[in-house]
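Input: a single structure, listed below in structure tokens.
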Amino acid sequence: MMKAHQDRLTKAKADRATHEPWLQEIYRLAMPWRTRFGMQAQQTHDHVDVYDGTLMEAVSDFASDLLATYTPTDQRWIEQQVILPPGVSEADRKRIARAVADQDAAIFEEIRASNFYEAVVEANADLALGTAVMHIDEVAGLSYPIHCQALPLVNTYVCAGPYGRIDGVYREQKVTIDHAQVLWPGIDLGPKLSQKKGTDEITIIDGGYRDWKERGTPTWQYAVFESGGKDVMLEQTMAGEGAWPLVGARWLTDTHTAWGIGPAYKALPWARTADELAYLILKNANWQVDPVRSYTDDGVINLDTDIVPGTWIPVGPDGEIRTIENPSNLDIGYFTQDDLRRLIKHALYQDKPEQRGRTPPTATQWLDEALENQRRQGAPLGRLAVEWLFPIFMRFRHLLIQRGTIAPVLYKDEQVRLRLVSPLLRAARQEDAVTGARFLEILNGSFPPETVAMLIDATKTAHNLQAALRDEIIALRTEEEAAQLLASLAQGVASAGRLSDPIAQAPPAPARGAA
Numbered sequence: 017m018m019k020a021h022q023d024r025l026t027k028a029k030a031d032r033a034t035h036e037p038w039l040q041e042i043y044r045l046a047m048p049w050r051t052r053f054g055m056q057a058q059q060t061h062d063h064v065d066v067y068d069g070t071l072m073e074a075v076s077d078f079a080s081d082l083l084a085t086y087t088p089t090d091q092r093w094i095e096q097q098v099i100l101p102p103g104v105s106e107a108d109r110k111r112i113a114r115a116v117a118d119q120d121a122a123i124f125e126e127i128r129a130s131n132f133y134e135a136v137v138e139a140n141a142d143l144a145l146g147t148a149v150m151h152i153d154e155v156a157g158l159s160y161p162i163h164c165q166a167l168p169l170v171n172t173y174v175c176a177g178p179y180g181r182i183d184g185v186y187r188e189q190k191v192t193i194d195h196a197q198v199l200w201p202g203i204d205l206g207p208k209l210s211q212k213k214g215t216d217e218i219t220i221i222d223g224g225y226r227d228w229k230e231r232g233t234p235t236w237q238y239a240v241f242e243s244g245g246k247d248v249m250l251e252q253t254m255a256g257e258g259a260w261p262l263v264g265a266r267w268l269t270d271t272h273t274a275w276g277i278g279p280a281y282k283a284l285p286w287a288r289t290a291d292e293l294a295y296l297i298l299k300n301a302n303w304q305v306d307p308v309r310s311y312t313d314d315g316v317i318n319l320d321t322d323i324v325p326g327t328w329i330p331v332g333p334d335g336e337i338r339t340i341e342n343p344s345n346l347d348i349g350y351f352t353q354d355d356l357r358r359l360i361k362h363a364l365y366q367d368k369p370e371q372r373g374r375t376p377p378t379a380t381q382w383l384d385e386a387l388e389n390q391r392r393q394g395a396p397l398g399r400l401a402v403e404w405l406f407p408i409f410m411r412f413r414h415l416l417i418q419r420g421t422i423a424p425v426l427y428k429d430e431q432v433r434l435r436l437v438s439p440l441l442r443a444a445r446q447e448d449a450v451t452g453a454r455f456l457e458i459l460n461g462s463f464p465p466e467t468v469a470m471l472i473d474a475t476k477t478a479h480n481l482q483a484a485l486r487d488e489i490i491a492l493r494t495e496e497e498a499a500q501l502l503a504s505l506a507q508g509v510a511s512a513g514r515l516s517d518p519i520a521q522a523p524p525a526p527a528r529g530a531a
């Protein structure tokens, strides 16, 4: 088993090595405070050499947008859907639906109680580079919230499986002997490491891969071993949905690598240029503020020293002090800088609708730009749902079942089949609701109210809109209740009409010819 882990780890290291140069550069321009590749032992901060912070701001806003779009704190961004065989009674269907809804509520309550929303923002920033990995597990006991940690990319290796998804993750970290025994209970340090002090550091690699030989039940092979070592210190087989603690996802994919391609990668050429341009603008401004001057000298012009801002240069004897002007134009640099910053923001979906020039945009133009931005950002949603949102939800569900906080939903002593519904479907439902609302507006604007009332079934339409928007607050009457209420109202209106009609209240006229 150790050989299988070593083979995958060797391939994963070679794969990551091809991405390290541009990941290193994005870290320098977007997150200079992060530990970078090759700097694990001693971190050096070179943010003093960064002159343009557009990429930093764009990546930070991108991470916040992902939080609000894919994992909003005030909504359930994943839901479980029940799959039942034919013949199940309506009472059992309602009971199972209530049990699943209660389970969803308990899972999201635990997600909010944990540090997930803090960790996911950090992981979202790595998604801007292309790949994010999060570790989700118990920490100190059942009374403590579940702990989430976004793994630094410099310590992480990922492997692609037979279907192109991330199915193997390894992390490498330096820990003390004491911490190793806390992080991995039951670890076998061996005779050599056992003789070391508890404060001595060792480099540990832990992780594993999906075992596709077991197709019925998701199964992972997990191991802990020392970097460069030949023996496994701890080995486990993890089986079941949500049993795997290392969740990895990618923004965009390339079939030749397990690493993802993020929007910050596309913005890197513009970020480099903007940073260099900002440096040149500052350098040029220095010449403008503190120009080079010349003064009278007994000899000829002296260029023995470098010409830097503020330099005084001796020249021929003409008796006049002159300022040597810089012919470069700062305005051109500022205009170019604005274009580069706009491109960087566009690449990271931060080009919010804004007024360009003196003429304000129309409402239609404003809406079209906002929808286009949302459409571009929603392209990777299907993959993020499968690689990111679903595994995170199932991991919390698995841990809560282990704790006994929730229980599997049963029907006739067998576990009910459940499937997760992607937020993509929820977004499509909301778009359908908006389309329906617009259609109603068109009808009301095109036909008289009585015609619209005759064409539209108000009760069914209201129920359809509530289902599409997933509203749980407004209590709508059932179709039967609404029909009874309308009938009683119609009867009341008819009675009131007869009472107020003088012709209806007058006695019947005598027959013609009667005395």
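Sequential numbering of the sequence shown, starting at 17, is according to this note's numbering. Note that beta-carbon positions come from the ideal geometry of N, C-alpha and C, so glycine has one too.
Please report the distance separating the alpha-carbon of residue i from that of residue j.
i      : j      : result
Leu359 : Ala148 : 24 angstroms
Arg44  : Val66  : 8 angstroms
Leu25  : Gly206 : 22 angstroms
Thr219 : Lys190 : 4 angstroms
Val468 : Leu397 : 38 angstroms
Phe463 : Asp473 : 16 angstroms
Arg32  : Leu400 : 21 angstroms
Ile489 : Leu296 : 58 angstroms
Gln353 : Tyr281 : 19 angstroms
Trp93  : Asp142 : 21 angstroms
Gly508 : Leu501 : 10 angstroms
Pro465 : Ile458 : 12 angstroms
Thr253 : Ser243 : 21 angstroms
Ala483 : Glu403 : 27 angstroms
Ala498 : Val450 : 24 angstroms
Ala294 : Thr34  : 29 angstroms
Reducing DSSP to helix, strand and coil, say where residue i ends up.
i      : result
Val425 : coil
Gln58  : Note that Gln58 scores a pLDDT of 47, beneath 50, so its modelled location is shaky and nothing firm can be said.
Gly223 : strand
Val137 : helix
Met47  : coil
Lys213 : coil
Gln431 : strand
Tyr179 : coil
Glu126 : helix
Asp153 : strand
Trp228 : coil
Trp404 : helix
Ile99  : strand
His362 : helix
Asp306 : coil
Tyr295 : helix
Among the options, which one has its Cα closest to the Cα of residue i?
i      : options                        : result
Asp227 : Trp404, Met470, Gly54, Gly184  : Gly184
Leu83  : Glu217, Trp49, Asn140          : Asn140
Gly232 : Gln211, Ala255, Glu217, Asp306 : Ala255
Arg50  : Leu296, Glu138, Gln189, Asp81  : Glu138
Asn171 : Phe53, Ala498, Leu296, Ala290  : Phe53
Pro362 : Asp77, Asp142, Val402          : For clarity, residue 362 is His in the given sequence; the question names Pro instead. Out of Asp77, Asp142, Val402, Asp77 has the C-alpha closest to the C-alpha of His362.
Leu405 : Met150, Ser105, Leu284         : Met150
Leu471 : Ala483, Phe455, Tyr365         : Phe455
Ser130 : Glu457, Asp429, Val155         : Val155
Val212 : Ala135, Ile193, Tyr225         : Before going further, note that residue 212 is Lys rather than Val in the sequence given. Ranking the options by Cα distance to Lys212, first place goes to Ile193.
Ala7   : Glu36, Ala28, Asp23, Thr70     : Summary: the structure shown does not reach residue 7, with the chain confined to residues 17 through 531, and so no result is reported for it.
His21  : Cys175, Pro48, Ala113          : Cys175
Trp236 : Pro102, Trp260, Asp216         : Trp260
Arg413 : Gln119, Leu100, Glu495         : Gln119
Which residues in the same chain as residue i place their Cβ atom closer than 6 angstroms to its Cβ, once the five residues preceding and following it in sequence are excluded?
i      : result
Val437 : Glu95, Gln97
Ala57  : Here the model assigns Ala57 a pLDDT of 46, short of 50, so the residue's position is not dependable and the matter cannot be decided.
Phe132 : Cys164
Thr89  : Tyr133
Val248 : Met18, Ala239, Phe241
Please state whether the Cβ-Cβ distance between residue i and residue j is less than 8 angstroms.
i      : j      : result
Val425 : Gln418 : no
Ala30  : Val75  : no
Gly452 : Leu481 : yes
Trp267 : Gly180 : no
Ile152 : Glu188 : no
Arg411 : Gly258 : yes
Pro279 : Tyr365 : yes
Ala503 : Leu492 : no
Short of 8 angstroms in beta carbon distance, which residues of its chain neighbour residue i, apart from the five on each side in sequence? Order them along the chain.
i      : result
Thr421 : Ala122, Glu126
Asn460 : Val468
His195 : none
Gly202 : Leu250
Tell me which residues share the same chain as residue i and place their Cβ nearer than 7 angstroms to its Cβ, disregarding the 5 neighbours each side in the sequence.
i      : result
Pro407 : Val263
Arg114 : none
Would residue i count as contacting chain B if we go by Cβ distances under 8 angstroms?
i      : result
Val425 : Here there is only one protein chain, and chain B is not present.
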